[in-house]
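See below for the structure under consideration.
In our numbering, the protein residues as written are 203 to 1206.
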């Protein structure tokens, strides 16, 4: 980067005694987050142990953690909430809290754990409202200065006032600056001069030196234990380690109206902050460069704060925050060298001078490092100022315009002429090529490709496209012409261009082609819009017109490649809308250059690149151009320093600085959510990185968050997890190292082992109680059941007893009726016939005797089973008739009816009579076996009255029945019992049937 020539001449004449420009090693950028600061006056800067950037302004305090800008302007005090602003200094306590000197308020302490801001109270009545600074010495003790006093902070709130009464006290007594050295000394400067702190007396004593008698405005430790002191006149002195004499002095170029804010010794150089920019002196105190608004991107010359971090210098000015980074290339901009910002083309003339085409004319870089415009001061004016392309042919510069054809500029004379016919005056020229054969090819955006030969301009009709953006000759003499969608090739042995059929790997259709470059080994590199860089490999002996184009970097596949250059080492340089990408000769990403690395901007212009004969590269963009010396550029790929900046849950909200080292966080069981915030330690290009994360123990796959700096999880189960994050570097490659945090989610108290033990004990106790309760209930239920059963049994017993009593009563009545019937039967049968009285009485008596026999053999029931009675009657009659029971085959068809007692006498007499009658007839026969069949039933008889019929039959029988006295007795018996007897004889079957009818019994 070059500074203004007039400024250079002034410095060279006054101080350096040498000629030539003073180049800047810094690129000044304004970070994007700085635009969010409401009040741009930056008064103080600080980086804490968590590597957060703290920014003090006249309006309040800000903190940037790499992803989020937080604002602080309210603090708690004993009286309530207090608004604070006008930050004069920022430091850090031993406990990690941020100490802020807020003018008009006092000392404010901010906790990093919860961001709570409180006014530091103290037991004494020290007035800190006019506080001017807070700083930390080498022993980590904080010092507070006001306009007239100095205090040491003990602990978190105890202030110890340092005596200053030994200093010259004037009405205008004021402490302006304080500094601490690595040797443990503390110095203050102000209206009294320079003073040193002595521990023994807890006081400052003035250092009297002949060289320093003026009011001190700034102090800093210098090299080799020296002290750098600046006074109000602008003179800067370097004092010896014993502070007894001045080793050297510096006077700034502008001695008038210059005010020094601070002096700082950083990286073996002296930085002087003034209202006219930053003056940087080398280690031997020679002026190296000046950073100010007129030659850099610094927005304002009034610099009030400067902070050195790992890779940047942070500059606080009256109108904003800026960062300065060291660069490895030359930057030429309107501020540094007077070039118009829109640079579109380059070429070098035959004398080696660089010519630059811009959107506002043609410029030439002179030997002093400044750009001279080729304008109306020359013999001829250019036709147009919108230059698209430049080409050197012989002693002339061919200038192609956006709309007005071509001008030819003679570099020796400065004359300008029009080399093309009048008909070509409206051509939109995009590229000019003089081939090895001497032909001049002209590509246009509105009329195709032309060939200029021997003064004759002819359009090449083998190319159909009207818009040809580039024409280029490769090393083997082949010429390529490029339109927006096609590439044409003119081989040495072919008379016309032919379309090269190129398929782009991974794309359904051909992208828009913006750049073309040939490389070693026959490779052809193609830059596209929105699809990155491709390469085509042609065989050296192949005449094929088809090929496959493959992407070089998938990580940068969405970039737009405006131009391509190949350096002498075979490395590939591409200018894109995202900066400059560098690839190795084997197509491996090497580095991604951004504004912070010295680029004129992250965006570049179409085809605005050039490689000179020395191998230097030029890339033009919207803010000027860069000259790159490829051999001096570092290609070391640095993995981004990634960290977790904060962890938030329902119970915690802590600031962290967790990197790749082991870190842990513990969550309660009721923390329903957890949020991680993370960033890379690149506060300038923090929005150029992409992230991915995962929570091992919950998920194995990476979650791609793009440029989002946070990850949130909800309802995590109890257990151990490991949160990991990775970021891409600026080249688009994922870092190999992960930043990780071990997360332990506590088990809910009711789900711990001792809780389960308690549950088991409780369950066992409850089961025991339930068992006892169950047993008690079971016993009660059993008792109730037994009581119920006893009650039922008692009721049943009572019912059975009642039934038994009823049965006994009925039985008694039945027996009574039975005997009444028997007596009646006996009394009724006696007087029937005096001659047959013995037989009738005998039948009745025997039937009643068999009935008594029945009662003695059969259990007592409610009546008499007639079937059983018949069996007993047969046995009794056989015995009385002296018949063998085995000779009588009986068939008992009488139903087993239970006849009430009161009806049994007549029925049993009827059955007995019927059986006796049948068996009395067989006794006179000599037949061995007899068949006896007995039956009874109830049927309707005589006018619908029901009656009982006893029937018996026997075979064989005696045919002489008229003389048998038993038969006559049967007939007589009918009258005695009130029944009816029918006797039938079947002579054929030798069967006698006796039917005795009686009253219907009541069956039970």
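Every residue, glycine too, gets a C-beta built ideally from N, C-alpha and C.
In the same chain as residue 667, and ignoring 5 residues on each side of it, the C-beta atoms closer than 6 Å to its own belong to 685, in chain order.
For residue 274, the secondary structure class from DSSP, reduced to helix, strand or coil, is strand. Residue 291 and residue 604 have their C-alpha atoms spaced approximately 55 Å apart. Residue 436 has its alpha-carbon roughly 26 Å from the corresponding atom of residue 288. Around the beta carbon of residue 721, 16 or more other beta carbons sit within 10 angstroms, so the residue counts as buried. If you draw a 10 Å sphere on the C-beta of residue 552, you find fewer than 16 other C-beta atoms in it, and that means exposed. For residue 1089, the three-state secondary structure derived from DSSP is helix. The alpha carbon of residue 338 has as its nearest neighbour, out of 381, 351, 749, the alpha carbon of 381.
Sequence-distant Cβ neighbours of residue 1098 in its own chain, meaning closer than 6 Å and more than five residues away, are 1067, 1069.
Its Cα nearest to that of residue 809, the residue 775 stands out among 775, 701, 346.
DSSP links residue 739 through a beta bridge to 725.
Ranked by Cα distance from residue 454, the first of 468, 477, 723 is 477. Selection 983, 1052, 911, 519 evaluated against residue 927 yields 911 as nearest (Cα-Cα). Just measuring C-alpha positions, the residue of 529, 443, 572, 842 sitting nearest residue 537 is 572.
Distance from the CA atom of residue 784 to the CA atom of residue 793, rounded to whole angstroms, is 5 Å. Boundaries of the alpha helix (DSSP H) harbouring residue 1077: 1068-1082, taken from the DSSP string. With contacts defined as CB atoms closer than 8 Å, residue 438 and residue 430 qualify as a contacting pair. According to the DSSP secondary-structure assignment, residue 828 is paired through a beta bridge with 533, 821.
Where residue 382 is concerned, the enclosing beta strand (DSSP E) starts and stops at 377-382.
Within 10 angstroms of the beta-carbon of residue 461 lie fewer than 16 other beta-carbons, which makes it exposed. Taking all protein chains in view, the Cβ of residue 618 is crowded by 16 or more other Cβ atoms within 10 Å, so the residue is classified as buried. Counted as a single uninterrupted DSSP element, the stretch harbouring residue 904 is not any beta strand (DSSP E), since DSSP gives it neither H nor E. Rounded to whole angstroms, the gap between the alpha carbons of residue 320 and residue 277 is 5 Å. In this structure, the beta-carbon distance from residue 230 to residue 500 falls below 8 Å. Taking 3 residues as the minimum length, the beta strand (DSSP E) runs contained wholly in the segment 281-331 are 282-285, 289-294, 300-304, 308-312, 319-321, in order along the chain. Where residue 899 is concerned, there is no enclosing beta strand (DSSP E), because DSSP gives it neither an H nor an E.
When C-alpha distances from residue 402 are compared across 677, 365, 979, the shortest belongs to 365. With respect to the C-alpha of residue 265, the residue from 432, 282, 238 having the closest C-alpha is 238. Comparing alpha carbon positions, the residue from 440, 1136, 609, 434 closest to residue 423 is 440.
Looking at the DSSP output, residue 592 shares a beta bridge with 601. Residue 574 is not a Cβ neighbour of residue 562, given a cutoff of 8 Å. It is roughly 15 Å from the alpha-carbon of residue 471 to the alpha-carbon of residue 514. Non-local C-beta neighbours of residue 758 in its own chain, meaning closer than 7 Å and more than five positions away in sequence, comprise 734, 783, 934, ordered along the chain.
Runs of the beta strand (DSSP E) lying entirely within the segment 399-473, each at least 3 residues long, are 405-409, 418-423, 429-433, 437-441, 448-453, 462-468 in chain order. CA-CA distance, residue 576 to residue 676, rounds to 32 Å.
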